[in-house]
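Residue numbering for the sequence shown follows our numbering, beginning at 84 and increasing consecutively.
Every residue gets a Cβ at the ideal spot worked out from N, C-alpha and C, and that includes glycine.
Computed from a prediction, not measured in an experiment: that's the story for all the values here.
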Amino acid sequence: MAQGGPCTADGGCASGHCVDGVCCDTACTAPCHGCSAAKTGGTNGTCAPDTAGTACNDGKFCTTTDACDSSGNCVGSGNPCPLPGQSTICSTCQEATDSCAQSEGLTCGLGNGQACSASFQCTSGFCVDFVCCDAACDGTCEACTKANTGADDGTCEFVSAGLDPNEQCPTGTCLTGSCDGAGACGKVPVGDDPNGDCPQGQCVTGSCDGAGACGVLADTTHCNDGMFCSQTDHCDGAGHCVGGSNNGCPMNCFCEPGDTCLQEGQPCPGVVGGP
84 MAQGGPCTAD GGCASGHCVD GVCCDTACTA PCHGCSAAKT GGTNGTCAPD TAGTACNDGK
144 FCTTTDACDS SGNCVGSGNP CPLPGQSTIC STCQEATDSC AQSEGLTCGL GNGQACSASF
204 QCTSGFCVDF VCCDAACDGT CEACTKANTG ADDGTCEFVS AGLDPNEQCP TGTCLTGSCD
264 GAGACGKVPV GDDPNGDCPQ GQCVTGSCDG AGACGVLADT THCNDGMFCS QTDHCDGAGH
324 CVGGSNNGCP MNCFCEPGDT CLQEGQPCPG VVGGP
């Protein structure tokens, strides 16, 4: 039978190799290799690596979930021996003797999510929020319990919005006093002012700016500082109304504190900029 044709024995193939029920171009005996399209995704009759993920056996005792990779290698993973936190006896896998042997001088650690009171009790080395955690989890608005994050106990995640279990977030003007759900302390959204923190005025918005402060108008915004002797008033970008340099009076006249303009030569007691 020609290459790729069906077969039941080597003698039925011109190549002398019957592999995986088809006549193959080689003996194709390497692990994680096959000669049928069903195994390799290739062409019947051509020896090639098996499809990645195909179950195999790497011949080692200390691996359990062996599978072929995309290059035709059998790769093992897993551990048939109880791991710390999974058993009251700490064990390591001994390849030389094909057995699980108790590790001397070790204490079985607790797995992530199990209750703890000190970090040395945990296999991970981190006891956070009274459970063994997968990380130190010591950043702002981080926690390791489902009650605080919504994730499984033992997984470090950002604290849910509106909570502050570790009392890290301050209260104050335009601050929520709780976490925002993204690893930071919350700020009142722009345009809101639930606590009445922000004053009303010509050069302020009267609400929060979304960055933890009260909003102010741009320095190009027109306003009125209430003073007769100034004009071209505008906001300064810091919430204040400031007057321009002109005094508001015609040429040769001067501005008097009583909100009047005096001509040159007139008596002007207390005049600002008089003759």
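| field | Start-to-end residues for the beta strand (DSSP E) that takes in Thr-288 | value | To locate residue 288, count along the sequence shown from 1; it is residue 205. For Thr-288, the enclosing beta strand (DSSP E) covers residues 287 to 291.
| Nearest-angstrom Cα distance between Cys-281 and Cys-199? | Within the sequence shown, residue 281 is the residue found at index 198, counting from 1. Within the sequence shown, residue 199 is the residue found at index 116, counting from 1. Going by the C-alpha atoms only, they are around 45 angstroms apart.
| message | When you compare the CB positions of Cys-224 and Gly-260, do they come within less than 7 angstroms of one another, or not? | response | By 1-based counting over the sequence shown, the position of residue 224 is 141. By 1-based counting over the sequence shown, the position of residue 260 is 177. It is not a contact, given that the beta carbons lie outside the stated cut-off.
| said: Quick check: Asp-93 and Cys-101, are their CB atoms within less than 7 angstroms of each other? | reply: In the sequence shown, residue 93 corresponds to position 10, counting from 1. In the sequence shown, residue 101 corresponds to position 18, counting from 1. Yes.
| request: Compute the beta-carbon to beta-carbon distance between Ser-207 and Cys-215, rounded to the nearest angstrom, for a pair I have assumed lies under 8 angstroms. | output: On the sequence shown, residue 207 is found 124 positions in, with the first residue counted as 1. On the sequence shown, residue 215 is found 132 positions in, with the first residue counted as 1. Ser-207 to Cys-215, Cβ: 6 angstroms. Contact.
| Is it a yes or a no for the region 272 to 281 touching the region 302 to 310, going by three-plus beta-carbon pairs under 8 angstroms? | The region 272 to 281 is not in contact with the region 302 to 310.
| query | When the Cα of Leu-258 is compared with those of Ala-296, Gly-104 and Asp-235, which residue comes out closest? | reply | What you label residue 258 is simply residue 175 of the sequence shown in a count that begins at 1. Of Ala-296, Gly-104 and Asp-235, the residue nearest in Cα terms is Ala-296.
| request: With DSSP collapsed to three states, give me the class of Gly-298. | output: In the sequence shown, the residue the question calls residue 298 occupies position 215. Reduced to three states, the DSSP call for Gly-298 is strand.
| message | Rounding to the nearest angstrom, what Cα-Cα distance links Cys-130 and Leu-193 in this structure? | response | As a position in the sequence shown, residue 130 is number 47, starting the count at 1. As a position in the sequence shown, residue 193 is number 110, starting the count at 1. CA-to-CA, the gap between Cys-130 and Leu-193 works out to about 48 angstroms.
| said: Can you give me the C-alpha to C-alpha distance between Pro-89 and Gln-197, rounded to a whole angstrom? | reply: In the sequence shown, counting from the first residue as 1, residue 89 sits at position 6. In the sequence shown, counting from the first residue as 1, residue 197 sits at position 114. In this structure, the CA atom of Pro-89 is about 56 angstroms from the CA atom of Gln-197.
| When DSSP labels each residue in this structure, what does Ala-121 get in the three-state scheme? | For the purposes of this step, residue 121 is taken as the residue at position 38 of the sequence shown. Three-state DSSP puts Ala-121 in a helix.
| said: Please identify the residue among Ala-85, Glu-178, Cys-268 and Ala-150 whose C-alpha is closest to the C-alpha of Ala-294. | reply: Looking up residue 294 in the sequence shown gives position 211. Among Ala-85, Glu-178, Cys-268 and Ala-150, the Cα nearest to that of Ala-294 is on Cys-268.
| request: Taking the CB atoms as reference points, tell me whether Ser-119 and Asp-103 lie closer together than 7 angstroms. | output: For the purposes of this step, residue 119 is taken as residue 36 along the sequence shown, with counting starting at 1. For the purposes of this step, residue 103 is taken as residue 20 along the sequence shown, with counting starting at 1. Between Ser-119 and Asp-103, the CB-CB gap stays under 7 angstroms.
| Does the distance from the CB of Cys-176 to the CB of Cys-145 come in under 7 angstroms? | Within the sequence shown, numbered from 1, the residue matching residue 176 stands at position 93. Within the sequence shown, numbered from 1, the residue matching residue 145 stands at position 62. For Cys-176 and Cys-145, yes; Cβs fall inside 7 angstroms.
| query | Apart from the five residues just before and just after Ala-150, which ones in its own chain have a Cβ nearer than 7 angstroms to its Cβ? | reply | Looking up residue 150 in the sequence shown gives position 67. Once the five neighbours on either side are set aside, the close Cβ partners of Ala-150 are Gly-136, Thr-137, Ala-138, Cys-139 and Val-158.
| request: Return yes when the Cβ of Gly-284 is within less than 7 angstroms of the Cβ of Ser-290, no when it is not. | output: Counting from one through the sequence shown, the residue named residue 290 turns up at place 207. Counting from one through the sequence shown, the residue named residue 284 turns up at place 201. Taking 7 angstroms as the Cβ cut-off, Ser-290 and Gly-284 do not qualify as a contacting pair.
| query | Among all the DSSP beta bridges, which residues are the ones paired with Thr-254? | reply | If you number the sequence shown from 1, residue 254 lands on position 171. Paired residue(s): Thr-259.
| Should Cys-286 and Cys-312 be called a contact, given that it needs their Cβ atoms to be closer than 7 angstroms? | For the purposes of this step, residue 286 is taken as residue 203 along the sequence shown, with counting starting at 1. For the purposes of this step, residue 312 is taken as residue 229 along the sequence shown, with counting starting at 1. No; because the gap between Cβ atoms is not below 7 angstroms, this pair is not in contact.
| query | Exposed or buried, what is Glu-178 when buried is set at 16 or more other beta-carbons lying within 10 Å of its beta-carbon? | reply | Start at 1 with the first residue of the sequence shown, and residue 178 comes out as number 95. Result: exposed.
| query | What are the boundary residues of the alpha helix (DSSP H) that Lys-143 is part of? | reply | Within the sequence shown, residue 143 is the residue found at index 60, counting from 1. Counting along the chain, Lys-143 falls outside any alpha helix (DSSP H), and DSSP gives it neither H nor E.
| Taking the Cβ atom as the reference point for each residue, do Asp-212 and Cys-227 lie within a distance shorter than 7 angstroms? | If you number the sequence shown from 1, residue 212 lands on position 129. If you number the sequence shown from 1, residue 227 lands on position 144. For Asp-212 and Cys-227, yes; Cβs fall inside 7 angstroms.
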